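Taking full-length UniProt numbering, the leading residue of the sequence shown gets 1, the next gets one more, and so forth. Working notes, beginning with the structure itself.
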Amino acid sequence: MVEAEIRDTTLHFFSFSDDKLDESMKMIQENFKDVTYDIPNYPVLPPELCEALKSKENEINQMQWRAIVGVGAGGTVCLSGHSVEVDELSEIVSQFILDQVSVEGKVILPFPELCPLLTEFLQRQRFDYSGVTFTPVTSSSSPTVLLVGASIKVTEVRNRLGPLLQSVVQNKVTIDLPGAARYFSGHSGRDMLIKVAESQKCLIQLEDQPHLSRQMTRLAKYNLQHGVQVIVYQGDITKQNADAIVNAANEDLNHIGGVAAALSKAGGPQVQKESKALVKGNGKVAVGDVVVTTGGDLKCKSLLHAVGPESGKASGRERSLLEKTVSNALKLAELMEFKSIALPCISSGIYGVPIKVCAEAIVTAIKVFGSQDGRSLSKIILIDKREEVVRAMQEACDRLLPGKDLGFRTDVADQEGASGATAGAPVQVEIVELQPNSNEYQNVASGFLRTAKYNIHKIERVQNQYLWNAYSVCRQRILAKNGQAELCEKSLYHGTSAESCNCIERDRFDRSYAGAHATAYGKGVYFAVNAEYSAKSFSPPDQTGMKRLYVARVLTGRHTLGKSSMKAPPPRGADPTDCFDSLVDNNQQPTMFIVFHDDQAYPEYLITFS
Numbered sequence: 001m002v003e004a005e006i007r008d009t010t011l012h013f014f015s016f017s018d019d020k021l022d023e024s025m026k027m028i029q030e031n032f033k034d035v036t037y038d039i040p041n042y043p044v045l046p047p048e049l050c051e052a053l054k055s056k057e058n059e060i061n062q063m064q065w066r067a068i069v070g071v072g073a074g075g076t077v078c079l080s081g082h083s084v085e086v087d088e089l090s091e092i093v094s095q096f097i098l099d100q101v102s103v104e105g106k107v108i109l110p111f112p113e114l115c116p117l118l119t120e121f122l123q124r125q126r127f128d129y130s131g132v133t134f135t136p137v138t139s140s141s142s143p144t145v146l147l148v149g150a151s152i153k154v155t156e157v158r159n160r161l162g163p164l165l166q167s168v169v170q171n172k173v174t175i176d177l178p179g180a181a182r183y184f185s186g187h188s189g190r191d192m193l194i195k196v197a198e199s200q201k202c203l204i205q206l207e208d209q210p211h212l213s214r215q216m217t218r219l220a221k222y223n224l225q226h227g228v229q230v231i232v233y234q235g236d237i238t239k240q241n242a243d244a245i246v247n248a249a250n251e252d253l254n255h256i257g258g259v260a261a262a263l264s265k266a267g268g269p270q271v272q273k274e275s276k277a278l279v280k281g282n283g284k285v286a287v288g289d290v291v292v293t294t295g296g297d298l299k300c301k302s303l304l305h306a307v308g309p310e311s312g313k314a315s316g317r318e319r320s321l322l323e324k325t326v327s328n329a330l331k332l333a334e335l336m337e338f339k340s341i342a343l344p345c346i347s348s349g350i351y352g353v354p355i356k357v358c359a360e361a362i363v364t365a366i367k368v369f370g371s372q373d374g375r376s377l378s379k380i381i382l383i384d385k386r387e388e389v390v391r392a393m394q395e396a397c398d399r400l401l402p403g404k405d406l407g408f409r410t411d412v413a414d415q416e417g418a419s420g421a422t423a424g425a426p427v428q429v430e431i432v433e434l435q436p437n438s439n440e441y442q443n444v445a446s447g448f449l450r451t452a453k454y455n456i457h458k459i460e461r462v463q464n465q466y467l468w469n470a471y472s473v474c475r476q477r478i479l480a481k482n483g484q485a486e487l488c489e490k491s492l493y494h495g496t497s498a499e500s501c502n503c504i505e506r507d508r509f510d511r512s513y514a515g516a517h518a519t520a521y522g523k524g525v526y527f528a529v530n531a532e533y534s535a536k537s538f539s540p541p542d543q544t545g546m547k548r549l550y551v552a553r554v555l556t557g558r559h560t561l562g563k564s565s566m567k568a569p570p571p572r573g574a575d576p577t578d579c580f581d582s583l584v585d586n587n588q589q590p591t592m593f594i595v596f597h598d599d600q601a602y603p604e605y606l607i608t609f610s
């Protein structure tokens, strides 16, 4: 005979027979279980697991108590009760843990162009890939992306992604019309392409135009303490002249994607041939290291292959590794006694590291390098085609580097020598007179005549690619800061004299002339909402009686009431760097806007009238 007694949390057995006690203990151990699980990566028990266990617990305890679920601290779950029922609950926990294990899966894409744009394409399709990240596989011979995430998520996304990719097609459309490339590269054309892409759930990319890609748009220049000059360009690095050009390479020096493919193609077969020989002789190039090959047909003395970190493979050390990579590239160029070097935004393309992280890491490394005196490497060029990348690099330079020169100009790549000498290209301005029967003419004229009762002699469109590029970059900056709702791009009026037209069309509206006409609301450039105000007061006639007025595209952004003493818009709050974008004469119903950034306005049309 065996007696049992429950004391608090323990069960005690009593018997005159050791055999009976052992038998009773064995029966209890066989029929009852107490199991504890720690759920990895969860500080508290996940709600979905809680619900599944609670549902199962209610089901098995309908007739009598068979098992219970207890929740402990730190994502711990305790299962106690009859062995069969505890096993059923354990299966739920085990499956959940298995589903959450991080796994990788590969998917081959139908086109290589889709690799860096896959997430954007899936968003257009409203394809849910939450919980899964995509990383291009740079070492694969086929266009391939790596899916990383919880097992259940990766499996589910991969199963749905396969049929979708099988239905994707690619088509090339050539628009052989005068000015088409310029139009679609401009603001209006890009906006139209985005709207079409969104409505049709597709991606639209412009192919590079050879005659456009030769131009390098210089956005900013920074003069560091010990004579090192940093210049930010928007343009094609394969056309850039420098003693050294840096390639964003992979560990195998297999130049098959992004900047690496472009530089290898432009440099010719010798670049890839030497790269393969390097790897064969010395092994893979480690992340952070830099090696040298010929530049081939590139306009440089040497090509420096810098291996930057890849997102998801650096254990959160992407920034420090990229700083090391750039630092090594600069030190190697210095060791080779080069005077100039051109760098792309390493790791920001198919490697998937956030653009802002890349930009700040690169500029930090440059700042450290430039802080030491006696450098032979005196010119560092940061260059990329993509506006958002160039903007990020410029913003990083603004924050981290001293000595900014805001002068904006466009250089032709061939006129900048490999030793670092600079030579500016003549600014090209095209003035196109509009036909009175055209819709464009009628739209501009009707806006002018709404308040200004004058005779229009002619309307001319001002086409200055350099000013437009500067305006576009400024637009992207304000858009990123304010969002679309507070970008506030307006068509406003600015009266001027005949003598000033050439300067405005070549060099922009210049706020340094503030005070020549009006400073009641700040020492900036004034634009009127109504044409009559500018036409009457600020458009002096020439010797023939003709007056002139610009219709300008102006980024007014967030505005506030101006004062005559203001030389710049004031801060919006406690943060001194977060300022208003423009000033006005009346906050509720402005009749004029005053801007202080020369690139904030573009002279779109010139109206000559009497």
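The C-beta atom is built at its ideal place from N, Cα and C for all residues, glycine as well. Being a predicted model, the structure only gives us computed values, none of them experimental.
For residue i, which beta-bridge partners are listed by DSSP?
{"i": "V93", "result": "For V93, which the question treats as bridged, DSSP gives no partner whatsoever."}
{"i": "C501", "result": "Answer is none; C501 lacks a bridge partner."}
{"i": "I68", "result": "S80"}
{"i": "R182", "result": "DSSP output for R182 lists no bridge partner at all."}
{"i": "S302", "result": "A244"}
{"i": "residue 632", "result": "Any question about residue 632 goes unanswered here, given that the chain covers just 1 to 610."}
{"i": "S311", "result": "Looking at the DSSP assignment, S311 forms no beta bridge with any residue, so it has no partner."}
{"i": "I380", "result": "V230, I341"}
{"i": "A485", "result": "Per DSSP, none; premise fails for A485."}
Could you pull the start and end residues of the alpha helix (DSSP H) that residue i belongs to?
{"i": "F121", "result": "118-124"}
{"i": "residue 612", "result": "Missing from the structure shown is residue 612; the chain here goes from 1 to 610 and no further."}
{"i": "N247", "result": "Note, N247: premise wrong, no alpha helix (DSSP H); beta strand (DSSP E) at 244-249."}
{"i": "S537", "result": "531-537"}
{"i": "C397", "result": "387-400"}
{"i": "S55", "result": "47-60"}
{"i": "L278", "result": "269-282"}
{"i": "V44", "result": "First-last for V44: undefined, no H or E at that position."}
Give me the residue from the options with the minimum Cα distance to residue i.
{"i": "S327", "options": "Y351, V368, S302, K356", "result": "V368"}
{"i": "S302", "options": "T325, K313, E274", "result": "E274"}
{"i": "L479", "options": "G557, L193, A365", "result": "G557"}
{"i": "C202", "options": "S167, Q234, I60, Q476", "result": "S167"}
{"i": "V595", "options": "I607, E604, K490, D542", "result": "K490"}
{"i": "C503", "options": "C579, P402, L117, P603", "result": "P603"}
{"i": "E323", "options": "A361, K153, I341, T174", "result": "A361"}
{"i": "R126", "options": "L161, P136, S90, Q476", "result": "L161"}
{"i": "Q465", "options": "C78, A574, E430", "result": "E430"}
{"i": "G70", "options": "V93, F14, S564", "result": "V93"}
Where do the N-terminal and C-terminal ends of the beta strand (DSSP E) with residue i fall, by residue?
{"i": "E460", "result": "456-463"}
{"i": "M592", "result": "592-595"}
{"i": "P136", "result": "132-136"}
{"i": "E113", "result": "No beta strand (DSSP E) contains E113, which DSSP labels as neither H nor E."}
{"i": "E604", "result": "601-609"}
{"i": "V292", "result": "290-293"}
{"i": "L335", "result": "Note, L335: premise wrong, no beta strand (DSSP E); alpha helix (DSSP H) at 318-335."}
{"i": "E433", "result": "430-433"}
{"i": "L561", "result": "559-561"}
So for residue i, helix, strand or coil by DSSP?
{"i": "R572", "result": "coil"}
{"i": "V554", "result": "strand"}
{"i": "G495", "result": "strand"}
{"i": "residue 631", "result": "Nothing can be reported for residue 631, as the shown portion of the chain is limited to 1 through 610."}
{"i": "I108", "result": "strand"}
{"i": "E30", "result": "helix"}
{"i": "V145", "result": "strand"}
{"i": "G515", "result": "Only weak support exists for where G515 lies, its pLDDT of 42 falling under 50; the value from the coordinates is given anyway. Here G515 sits in coil by DSSP."}
{"i": "residue 630", "result": "Any property of residue 630 remains undetermined from this structure, which presents the chain solely from 1 to 610."}
{"i": "V35", "result": "strand"}
{"i": "Y471", "result": "helix"}
Take the Cβ of residue i as the centre, count every other Cβ of all protein chains shown within 10 Å, and call the residue buried at 16 or more, exposed below.
{"i": "A468", "result": "The sequence given here has Trp at residue 468, not Ala. The residue in question, W468, is buried, as its Cβ has 16 or more Cβ neighbours within 10 Å."}
{"i": "E505", "result": "buried"}
{"i": "L382", "result": "buried"}
{"i": "M592", "result": "buried"}
{"i": "T577", "result": "exposed"}
{"i": "I459", "result": "buried"}
{"i": "C300", "result": "buried"}
{"i": "E310", "result": "buried"}
{"i": "R508", "result": "buried"}
{"i": "N282", "result": "exposed"}
{"i": "D542", "result": "exposed"}
{"i": "S582", "result": "buried"}
Compare the C-beta of residue i against all C-beta atoms of chain B and say whether one is closer than 7 Å.
{"i": "K276", "result": "This model lacks chain B altogether, as it is built from one protein chain only."}
Any heavy atom of the ligand FMN closer than 6 Å to the CB of residue i?
{"i": "Q442", "result": "Absence of the ligand FMN from the depicted structure is noted, as is the absence of any ligand whatsoever, leaving it without description."}
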